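Per this note's numbering, the sequence shown starts with residue 2, numbered consecutively.
A quick write-up on the structure given underneath.
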Amino acid sequence: MKKLSRGFTLIELLVVIAIIGILSSIVLASLNTARAKGADAAVKSNLSNSRAQAEILYDTNGCYSNNATCNGALVTGTACNAADTIFANTNIAAQLNAAESAGGGTAVCNSAANRTAWAAGTALKSTNVVSPTSGTDFWCVDSTGASKELDVNITTQTACP
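Put into structure tokens, the structure is as follows:
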């Protein structure tokens, strides 16, 4: 009479656990990439929406200003709340803050002294797309309608380079 054993051997269980571990590591790696791409999409969307809001301000005020003051000092850098620029507008400020949060970087906002030009940019989550050596990529939008990915953030430019 043959005795039949039921169940799995230890080696069979270890093989199944190893396969599950390999598959889960592949899924988690893909998930991180998808999260970074989602954050990049949020940065691009928020900055594009800020450009649309800026055009509404231009139509209202005759310049890219939060009020009818169409002159002032050149504004550059991270001072994205200067009172007489478009960046002081609550809608644009909210969009810049959302882009900063999504990208994990600090927004740079530049406005020309005569308020006829502006540019804004912030870091993207995914890196090494434009230039593999820079480490971080940035998204820039400006008053000319340009939207582009850069390997360095804008500094004092009022248009995306």
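Beta carbons: idealized from backbone N, C-alpha and C, even for Gly.
Here the structure is a predicted model, which is why all the values come from computation and not from measurement.
- Here lysine 45 carries a helix assignment [DSSP, helix/strand/coil].
- Rounded to the nearest whole angstrom, the C-alpha separation of threonine 107 and asparagine 154 is 10 Å.
- The criterion of a C-beta distance shorter than 8 Å is not satisfied by leucine 48 and alanine 83.
- Around the beta carbon of isoleucine 21, fewer than 16 other beta carbons lie within 10 angstroms, which makes this residue exposed.
- Counting only residues of its own chain and dropping the five nearest sequence neighbours on each side, serine 127 has a CB closer than 6 Å to the CB of Ala37 and Asp41.
- Distance from the CA of leucine 125 to the CA of alanine 69, rounded to the nearest whole angstrom, comes to 33 Å.
- Secondary structure at asparagine 111: strand, using DSSP grouped into helix, strand and coil.
- The stretch 29-36 and the stretch 72-89 do not touch, with fewer than three beta-carbon pairs separated by less than 8 Å.
- Between threonine 157 and asparagine 111 the beta-carbon gap is near 6 Å, inside 8 Å, which marks them as a contact.
- Taking the Cα of alanine 160 as reference, the smallest distance to any Cα among Arg52, Val44 and Leu14 is reached at Arg52.
- Ranked by Cα distance from leucine 151, the first of Pro162, Ser144, Ala80 and Thr145 is Pro162.
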